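Asks:
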Amino acid sequence: MSGPVKDTSVSSEQGAISWFDLVKDLIGTAILTMLILTPIVTFKTTMNQGVLFIEDRWVQSLLLTAAVVIGRLLLHLFVWHKPPSTAAAKPVVAKAPLSESLAKYVAPAMLAIAIVLPFVLHQVPSWDKRGIDFMITILIYIMLGWGLNIVVGLAGLLDLGYVAFYAVGAYAYALLSTIYLPLWFGPGVVPWAFYIILPISGLLAATWGVILGFPVLRLRGDYLAIVTLAFGEMIRLVLINWFSFTNGPQGINVPKPTFFGLPFKDEPGGFAAFFGIPHDRIYSYIFLYYVILVLALITYFATNRLRRLPIGRAWEALREDEVACRSLGINTTTTKLTAFAIGAMFGGFAGCFFAARQGFVSPESFVYIESAMILAIVVLGGLGSQIGIVFSAIVIMGAFELFREFGAMGHAVQDGLMYVLPDAVVSGIGSLFTGTFGALYGLLPDAMRNSLAGATTGMDPIQFRMLAVGLAMVLMMRFRPRGLVTRRQPTVFLKERKSVSSDLVAEGHG
Amino acid sequence: MSDILLQGAGVETFYGKIQALRGIDFEVHKGEITTVIGANGAGKSTLMMTICGTPRARAGSIVFDGVEISKMPTHEIVHLGIAQSPEGRRIFPRMTVFENLQMGATVDKLQHFDEDLVKVFKLFPRLEERRAQRAGTLSGGEQQMLAIGRALMARPRLLLLDEPSLGLAPIIVKLIFAAIKKLNEEEGLTVLLVEQNAFHALRLAHRAYVMVNGKITITGTGAELLNRPEVRAAYLEGGH
Chain A
0 MSGPVKDTSV
10 SSEQGAISWF
20 DLVKDLIGTA
30 ILTMLILTPI
40 VTFKTTMNQG
50 VLFIEDRWVQ
60 SLLLTAAVVI
70 GRLLLHLFVW
80 HKPPSTAAAK
90 PVVAKAPLSE
100 SLAKYVAPAM
110 LAIAIVLPFV
120 LHQVPSWDKR
130 GIDFMITILI
140 YIMLGWGLNI
150 VVGLAGLLDL
160 GYVAFYAVGA
170 YAYALLSTIY
180 LPLWFGPGVV
190 PWAFYIILPI
200 SGLLAATWGV
210 ILGFPVLRLR
220 GDYLAIVTLA
230 FGEMIRLVLI
240 NWFSFTNGPQ
250 GINVPKPTFF
260 GLPFKDEPGG
270 FAAFFGIPHD
280 RIYSYIFLYY
290 VILVLALITY
300 FATNRLRRLP
310 IGRAWEALRE
320 DEVACRSLGI
330 NTTTTKLTAF
340 AIGAMFGGFA
350 GCFFAARQGF
360 VSPESFVYIE
370 SAMILAIVVL
380 GGLGSQIGIV
390 FSAIVIMGAF
400 ELFREFGAMG
410 HAVQDGLMYV
420 LPDAVVSGIG
430 SLFTGTFGAL
440 YGLLPDAMRN
450 SLAGATTGMD
460 PIQFRMLAVG
470 LAMVLMMRFR
480 PRGLVTRRQP
490 TVFLKERKSV
500 SSDLVAEGHG
Chain B
0 MSDILLQGAG
10 VETFYGKIQA
20 LRGIDFEVHK
30 GEITTVIGAN
40 GAGKSTLMMT
50 ICGTPRARAG
60 SIVFDGVEIS
70 KMPTHEIVHL
80 GIAQSPEGRR
90 IFPRMTVFEN
100 LQMGATVDKL
110 QHFDEDLVKV
120 FKLFPRLEER
130 RAQRAGTLSG
140 GEQQMLAIGR
150 ALMARPRLLL
160 LDEPSLGLAP
170 IIVKLIFAAI
180 KKLNEEEGLT
190 VLLVEQNAFH
200 ALRLAHRAYV
210 MVNGKITITG
220 TGAELLNRPE
230 VRAAYLEGGH
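First to last, the protein sequences are chains A and B.
Under numbering that gives the first Met the number 0, the first sequence is numbered contiguously, ending at residue 509.
Under numbering that gives the first Met the number 0, the second sequence is numbered contiguously, ending at residue 239.
(1) By how many angstroms is the C-alpha of residue 384 of chain A removed from the C-alpha of residue 224 of chain B?
(2) Are the C-beta atoms of residue 307 of chain A and some chain B residue less than 8 angstroms apart?
(3) Please state the DSSP three-state secondary structure of residue 6 of chain A.
(4) Measure from the alpha carbon of residue 165 of chain B to the alpha carbon of each residue in B:44, B:7, B:16, B:129, then state which is nearest.
(5) Which same chain residues end up closer than 8 angstroms to residue 39 of chain B when comparing Cβ atoms and leaving out the 5 residues on each side of it in sequence?
(6) For residue 78 of chain B, which residues in chain A fall below 8 angstroms Cβ to Cβ?
(7) Give the residues of chain B in contact with residue 325 of chain A, contact being defined as C-beta atoms less than 7 angstroms apart.
(8) Anyone know if the C-beta pair for residue 282 of chain A and residue 272 of chain A falls short of 8 angstroms?
(9) Would you verify that the beta carbon of residue 106 of chain B is, or is not, closer than 8 angstroms to some beta carbon of chain A?
(10) Roughly how many angstroms lie between the CA atoms of residue 256 of chain A and residue 135 of chain B, to the nearest whole one?
(11) Let me make sure I understand the geometry here. Which of A:468, A:466, A:390 has the alpha-carbon closest to that of residue 482 of chain A?
(12) Kindly indicate which residue of A:336, A:292, A:297 has the alpha-carbon position closest to the one of residue 313 of chain A.
(13) Please decide whether residue 322 of chain A counts as near chain B, where near means a Cβ-Cβ distance under 8 angstroms.
(14) With 16 other CB atoms within 10 Å as the buried threshold, where does residue 131 of chain A fall?
(15) Using alpha carbons as the reference points, say which of A:291, A:109, A:478 lies closest to residue 194 of chain A.
(16) When the distance is taken between beta carbons, is residue 58 of chain A closer than 8 angstroms to residue 29 of chain A?
(17) Quick check: the Cα distance between residue 218 of chain A and residue 227 of chain A, rounded to an integer number of angstroms?
(18) Determine the closest residue to residue 246 of chain A out of A:301, A:360, A:45, with distance taken between C-alpha atoms.
(19) Looking at chain B, is there any beta carbon in it that lies within less than 8 angstroms of the beta carbon of residue 304 of chain A?
(20) If the criterion is Cβ atoms closer than 8 angstroms, does the pair residue 33 of chain B and residue 199 of chain B meet it?
(21) For residue 339 of chain A and residue 28 of chain B, I'd like the C-alpha separation in whole angstroms.
(22) From the DSSP output, which residues share a beta bridge with residue 175 of chain B?
(23) May I ask you to report which of helix, strand or coil DSSP gives residue 193 of chain B?
(24) Could you tell me whether any Cβ in chain A is nearer than 8 angstroms to the Cβ of residue 103 of chain B?
(25) Measuring alpha carbon to alpha carbon, tell me which of B:167, B:159, B:69 ends up nearest residue 182 of chain B.
(26) Which residues in chain A have a C-beta closer than 8 angstroms to the C-beta of residue 85 of chain B? List them in chain order.
(27) Rounded to whole angstroms, what's the CA-CA distance from residue 90 of chain B to residue 142 of chain B? Just pull it up for me.
(28) Which word fits residue 274 of chain A, buried or exposed, when buried means at least 16 other C-beta atoms lie within 10 angstroms of its C-beta?
(29) My output table needs one value for residue 146 of chain B: the three-state DSSP class, helix, strand or coil.
(30) Would you mind listing the alpha helix (DSSP H) stretches within the region 159-214 of chain A that are 4+ residues and don't spill past its ends, in chain order?
(31) Contact criterion: CB-CB distance below 8 angstroms. Does residue 316 of chain A meet it with respect to chain B?
(32) Helix, strand or coil for residue 257 of chain A? Go by DSSP, reduced to three states.
(33) Does any residue of chain B have a CB that is nearer than 8 angstroms to the CB of residue 481 of chain A?
(34) Going by the CB atoms, is the gap between residue 44 of chain A and residue 34 of chain A shorter than 8 angstroms?
(35) For residue 25 of chain B, name the three-state secondary structure that DSSP assigns.
(36) Within the continuous alpha helix (DSSP H) that includes residue 109 of chain B, where are the two ends?
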């Protein structure tokens, strides 16, 4: 009902619309909407003991009308009639400083949100633990993304086996906290295990980074990617098969981290008892949240700092042109190795935290798809962009979680629609949905349908998530091939900081 | 003024089985501009790269200021005081002009950075205008200026210039060569220049080599070569 009115009143005035016309149009819209809604929403017939009652639903009807009118108003103001003053008078350039000045506030704003988030989620009773737990997962991936960003985004070394370092960190915690630390220093050390092992796991992962780095020094691009992929798989296979050391596929139960020695348990000497507050498992979640937040922030600031140091600039130069680097006297060997080592170190930290938070490690957590996921986060975020990684981690992990929640969410949406729309429409939409898939399904040949039926019994949306991520990747690469955040801040600047949009540089260079 | 700064003797370089340099003898004297001219594929750039150690010379010796460098890794050679503005410029496109110049000062560990920056900006004022711009967005001429400026930031004792006129407009070429001359005359910088643009190169050079098929065929001062009929016929006629 929006089409025909659109152009009549305004086209002569080159996009500007007078208030009178606007109000007239909106009133017309409201009346039309009410008329249409009268039979399908406003009056509802119900059967009660064989008698037909008519029930009026004015509130719902008015809500819908208001929604339509507001929607049309917004369309008028922002889509159909862009004010000519902003569109024509100001050149496009004028827009850039705005987004730049906004960009300045993005990072601090996100940090502020991240800091208060647990307290906000704490107020939502059904979501507190799950919400915080989910945020922890996202933060782990942000941290992994930032770690991998050093290797891939800054040094330009495509690493498909990053999860190997994550695994090294996790197993370092698992093995040291359950076997070796108690063996060497007695069981009293276990509550402190997390704090002792955290740096060790980073060091071990960094060592493995160097060990991986040496053989692949001469490789670049695709060749490097294949070798790192193989390395990631090797670590996982060793973890599965070296039964006597790693307990194989059964995994290891590990102690949870403590609040500087105080366990999160309902017992004297526990966290709650010490502070004299009632025991609640939520404290453990909040504590873990802040631990990973701090770890992630360390990664962020360390990377930022490194980028400004000669070594960080050497990484970036290495990504740009290895030959030129060498001709400027940069030792490309050590530059590559430090990139691998430092990237791996942060992966190790994240792995250690992951193991401690899960309370359990098994090789299953370190499959190739994890590496691919982290790489996807880095690439989607815009190679080298740290803020972009935050967004893409939230989007990707959020989408994952969304799929998991799909069933529940679907019901919630349906309930919401039920409130305003007649049942018939809702079930109509529902059947349209299933009908479309059903029709497509019906088009398939019998054999394929049978095998699909076999494969999809008990299918739920969660199984589509990889498909969705893949689709998202394809769309991304089609529409924003340089990632979500494509600006790169120069690390050094004279007088003013001026970032250059990647649009100005050829693809693959920008 | 004839201290030999760089001397090559019987230098042979291979790409796999293909021999690119067939026993090259050359000298670069302190404070002079030495130029190597020749056609495409004669091995000029290979000579330049061999001096820098990638690829390594398979036979012969290259001595820089008394140090045998033919077996050294590239970055160590650079630390001895040889800076290169490589063929095709090879600036870092996503980094700013300023950052590119900083990369150039890696060898010097940024000790004289501010001072050298002023010098480079004085030599190429265009770079100062563009200092906050991404190097990839510069014009070809500006990129060449940046490549030379970046090499100068290392405070080299020997500057290697590989085809600085490649793909540039004549007016920019003049500007670049004027800058090279100025560097040599005012700072006494030793330059080894590889060029296809023989006319410009020979006018500038104190000492010149003509390379054909991986060998040096003619040697002399720049002025001598400019006047030799065979050089004129092969590299200069119809040119400039």
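C-beta: ideal position from N, C-alpha, C; glycine also.
Since this is a predicted model, take the numbers as computed values, not measurements.
Replies: Inspection of the coordinates gives the following:
(1) By one-based count along the second sequence, residue 224 of chain B stands at place 225. By one-based count along the first sequence, residue 384 of chain A stands at place 385. Answer to the nearest angstrom: the Cα atoms are 54 angstroms apart.
(2) Here the question's residue 307 of chain A lines up with position 308 in the first sequence. With 8 angstroms as the cut-off, residue 307 of chain A does not count as an interface residue toward chain B.
(3) One-based indexing of the first sequence puts residue 6 of chain A at position 7. Its pLDDT being 43, under 50, residue 6 of chain A is placed unreliably in this model, and the value from its coordinates should be taken loosely. In this structure, residue 6 of chain A counts as helix in the three-state DSSP scheme.
(4) Sequence index remark: in the second sequence, residue 165 of chain B carries index 166 (1-based). Residue 165 of chain B has its Cα closest to that of B:44, out of B:44, B:7, B:16, B:129.
(5) Position 40 of the second sequence, counting from 1, holds the residue named residue 39 of chain B. Once the five neighbours on either side are set aside, the close Cβ partners of residue 39 of chain B are 195.
(6) Within the second sequence, the letter at position 79 stands for residue 78 of chain B. Ordered by position in chain A, the residues that pass the 8 angstroms Cβ test against residue 78 of chain B are 328.
(7) Along the first sequence, one-based indexing puts residue 325 of chain A at 326. What residue 325 of chain A touches in chain B: 53, 73, 74.
(8) As a position in the first sequence, residue 282 of chain A is number 283, starting the count at 1. As a position in the first sequence, residue 272 of chain A is number 273, starting the count at 1. For residue 282 of chain A and residue 272 of chain A, no; Cβs fall outside 8 angstroms.
(9) The residue you call residue 106 of chain B lines up with position 107 of the second sequence. With 8 angstroms as the cut-off, residue 106 of chain B counts as an interface residue toward chain A.
(10) The residue you call residue 256 of chain A lines up with position 257 of the first sequence. The residue you call residue 135 of chain B lines up with position 136 of the second sequence. So the alpha carbons of these two residues sit roughly 49 angstroms apart.
(11) To locate residue 482 of chain A, count along the first sequence from 1; it is residue 483. Among A:468, A:466, A:390, the Cα nearest to that of residue 482 of chain A belongs to A:390.
(12) The residue given as residue 313 of chain A occupies position 314 in the first sequence. Comparing Cα positions, the closest option is A:336.
(13) Sequence index remark: in the first sequence, residue 322 of chain A carries index 323 (1-based). So, interface residue.
(14) Indexing the first sequence from 1 puts residue 131 of chain A at position 132. Counting Cβ neighbours within 10 Å, residue 131 of chain A comes out buried, since at least 16 surround it.
(15) For the purposes of this step, residue 194 of chain A is identified with residue 195 of the first sequence, where counting begins at 1. Comparing Cα-Cα distances from residue 194 of chain A to each of A:291, A:109, A:478, the minimum goes to A:291.
(16) As a working note, residue 29 of chain A is residue 30 in the first sequence. As a working note, residue 58 of chain A is residue 59 in the first sequence. The answer is no: Cβ separation not under 8 angstroms.
(17) As a first step, residue 218 of chain A is located in the first sequence; it is residue number 219 there, counting from the start. As a first step, residue 227 of chain A is located in the first sequence; it is residue number 228 there, counting from the start. Approximately 10 angstroms, taken between the alpha carbons.
(18) Walking along the first sequence from the start, residue 246 of chain A turns up at place 247. Closest option to residue 246 of chain A, Cα to Cα, is A:360.
(19) Here residue 304 of chain A refers to the residue found at position 305 when the first sequence is read from its first residue. False, the Cβ-Cβ gap to chain B never drops below 8 angstroms.
(20) Start at 1 with the first residue of the second sequence, and residue 33 of chain B comes out as number 34. Start at 1 with the first residue of the second sequence, and residue 199 of chain B comes out as number 200. No, these two residues do not count as a Cβ contact at 8 angstroms.
(21) Within the first sequence, residue 339 of chain A is the residue found at index 340, counting from 1. Within the second sequence, residue 28 of chain B is the residue found at index 29, counting from 1. In a straight line, the C-alpha of residue 339 of chain A is about 43 angstroms away from that of residue 28 of chain B.
(22) As a first step, residue 175 of chain B must be located in the second sequence, where it is residue number 176. Residue 175 of chain B is not bridged to any residue.
(23) Looking up residue 193 of chain B in the second sequence gives position 194. Three-state DSSP puts residue 193 of chain B in a strand.
(24) For the purposes of this step, residue 103 of chain B is identified with residue 104 of the second sequence, where counting begins at 1. Yes, residue 103 of chain B counts as interfacial toward chain A.
(25) For this step, residue 182 of chain B is matched to residue 183 along the second sequence. Per the Cα distances, B:159.
(26) For the purposes of this step, residue 85 of chain B is taken as residue 86 along the second sequence, with counting starting at 1. Correct list: 322, 323, 326.
(27) Here residue 90 of chain B is taken as the residue at index 91 of the second sequence, counted from 1. Here residue 142 of chain B is taken as the residue at index 143 of the second sequence, counted from 1. Straight-line Cα distance between these residues: approximately 7 angstroms.
(28) As a working note, residue 274 of chain A is residue 275 in the first sequence. Label assigned to residue 274 of chain A: exposed.
(29) Against the second sequence, residue 146 of chain B aligns to sequence position 147. Reduced to three states, the DSSP call for residue 146 of chain B is helix.
(30) 162-174, 180-184, 192-212
(31) Here residue 316 of chain A corresponds to residue number 317 of the first sequence, with the count starting at 1. For residue 316 of chain A, the answer is yes, since a Cβ of chain B falls inside 8 angstroms of its Cβ.
(32) The count along the first sequence starts at 1 and reaches residue 257 of chain A at position 258. Three-state DSSP puts residue 257 of chain A in coil, outside helix and strand.
(33) Translated into positions along the first sequence, residue 481 of chain A becomes position 482. For residue 481 of chain A, the answer is no, since every Cβ of chain B falls outside 8 angstroms of its Cβ.
(34) Position 35 of the first sequence holds residue 34 of chain A. Position 45 of the first sequence holds residue 44 of chain A. Contact flag unset, no.
(35) Residue 25 of chain B sits at position 26 when you count from the first residue of the second sequence. Strand, per DSSP.
(36) As a first step, residue 109 of chain B is located in the second sequence; it is residue number 110 there, counting from the start. Premise fails: residue 109 of chain B is in no alpha helix (DSSP H) and is neither H nor E.
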